[in-house]
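Student: Residue numbers (this note's numbering): 6 to 58.
By construction, the Cβ of each residue, glycine as well, lies at the ideal position given by its N, Cα and C atoms.
For clarity, every value in this text was computed on a predicted model and none was experimentally measured.
1) Out of 8, 54, 48, 40, which one is the CA nearest neighbour of residue 15?
2) Helix, strand or coil for residue 50? Go by DSSP, reduced to three states.
3) Which of helix, strand or coil does DSSP assign to residue 24?
4) Could you give the DSSP three-state label for residue 17: helix, strand or coil?
5) Excluding the five sequence neighbours on either side, which residues of its own chain have a C-beta within less than 7 angstroms of the C-beta of residue 38, listed in chain order?
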């Protein structure tokens, strides 16, 4: 049995899809934060800025 491999591609602002792992770590973190934030908004959560908390 062969091992299952998952590859994540992302399209940013309509640009051609790129392999998520090929992006710089800083860009990966920025995208991950945006995706998480967008997933949490419908559940009523929102990000609070540290300086305004």
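Tutor: The short version:
1) Counting from one through the chain shown, the residue named residue 15 turns up at place 10. Closest in alpha carbon position to residue 15, among 8, 54, 48, 40, is 40.
2) By 1-based counting over the chain shown, the position of residue 50 is 45. Residue 50: coil per DSSP, three-state reduction.
3) Translated into positions along the chain shown, residue 24 becomes position 19. Reduced to three states, the DSSP call for residue 24 is strand.
4) If you number the chain shown from 1, residue 17 lands on position 12. It is coil, neither helix nor strand.
5) The sequence position of residue 38 within the chain shown is 33, counting from 1. The answer is none, since no qualifying residue turns up.
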